[in-house]
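Quick notes on the structure that follows.
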Amino acid sequence: MTSSLSFVLVALVAVTLGSVHGAISDEDRAKIHAAVLPFVAECTKEYGVSEDTIKEAKASGTLGSIDPCLMACVFQKVKLIDEKGLFDTDRAVELVQKHISTEEDRNKLVDVIEKCKSGIPYY
Numbered sequence: 006m007t008s009s010l011s012f013v014l015v016a017l018v019a020v021t022l023g024s025v026h027g028a029i030s031d032e033d034r035a036k037i038h039a040a041v042l043p044f045v046a047e048c049t050k051e052y053g054v055s056e057d058t059i060k061e062a063k064a065s066g067t068l069g070s071i072d073p074c075l076m077a078c079v080f081q082k083v084k085l086i087d088e089k090g091l092f093d094t095d096r097a098v099e100l101v102q103k104h105i106s107t108e109e110d111r112n113k114l115v116d117v118i119e120k121c122k123s124g125i126p127y128y
C-alpha cells in the first residue's frame with residue numbers, strides 16, 4: 006500500500022483518537038501510523054479501496070463517501086470498537102497512553118474519551 010493512502014486512513018484514526026485540535030504531535034502521529042498501518046493494509050485490500058479512490062475523495066472533500074465499513078474494519082482490528090460496533094473507551098485510553106508522548110496531550114485526549122463515554126459533548 007502506498008504511503009499517501011495509508012496516511013489518509015491513519016489520519017482518520019488519529020483524528021478519532023485526537024478530536025482535540027492540535028492534540029497529536031507529528032511524532033506521535035508517526036507512531037500511530039506505524040502501529041495502524043498493517044490493519045489499514047488488510048482492510049483496504051478486503052474492501053477493494055484503491056489509492057486513487059482515496060485521493061479523489063480527499064481532493065473533493067468527500068472522504069465520507071468511502072465505504073464506512075472500511076473504517077469500521079480498521080477500528081475493529083485496532084480494537085477501538087468492539088464486536089457490537091461500540092466505541093471501546095478503555096481501549097482508546099490504553100492506546101493514548103501507549104502512543105501519545107506528553108502528559109498534557111494524553112490528558113487532553115483522555116478527557117475527550119471520558120466525555121464521549123459519559124455522553125457529554127467535547128466541543
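So the sequence shown is numbered by this note's numbering: it starts at 6 and just counts up by one. Ideal placement from N, C-alpha and C gives every residue a C-beta, glycine not left out.
inquiry  = Cutting at 7 Å between CB atoms, please list the residues of its own chain near C74, excluding the five before and the five after it.
reply    = Y52
task = Rounded to whole angstroms, what's the CA-CA distance from D109 to D116? Just pull it up for me.
result = The sequence shown places Glu at residue 109, not Asp. If you take the alpha carbons of E109 and D116, they lie about 11 Å apart.
Beta-carbon proximity list for F44, same chain, < 7 Å, skipping 5 on both sides = V79, K82 and V83
message = In chain order, what are the residue ranges of uninterrupted alpha helix (DSSP H) at least 4 long that sit wholly in the stretch 91-116?
response = 94-104
request  = Determine the direct distance from the alpha carbon of I71 to that of Q102, and round the result to whole angstroms.
outcome  = 29 Å
request  = Pull up the distance between the alpha-carbon of A46 and that of H38, whole angstroms please.
outcome  = 11 Å
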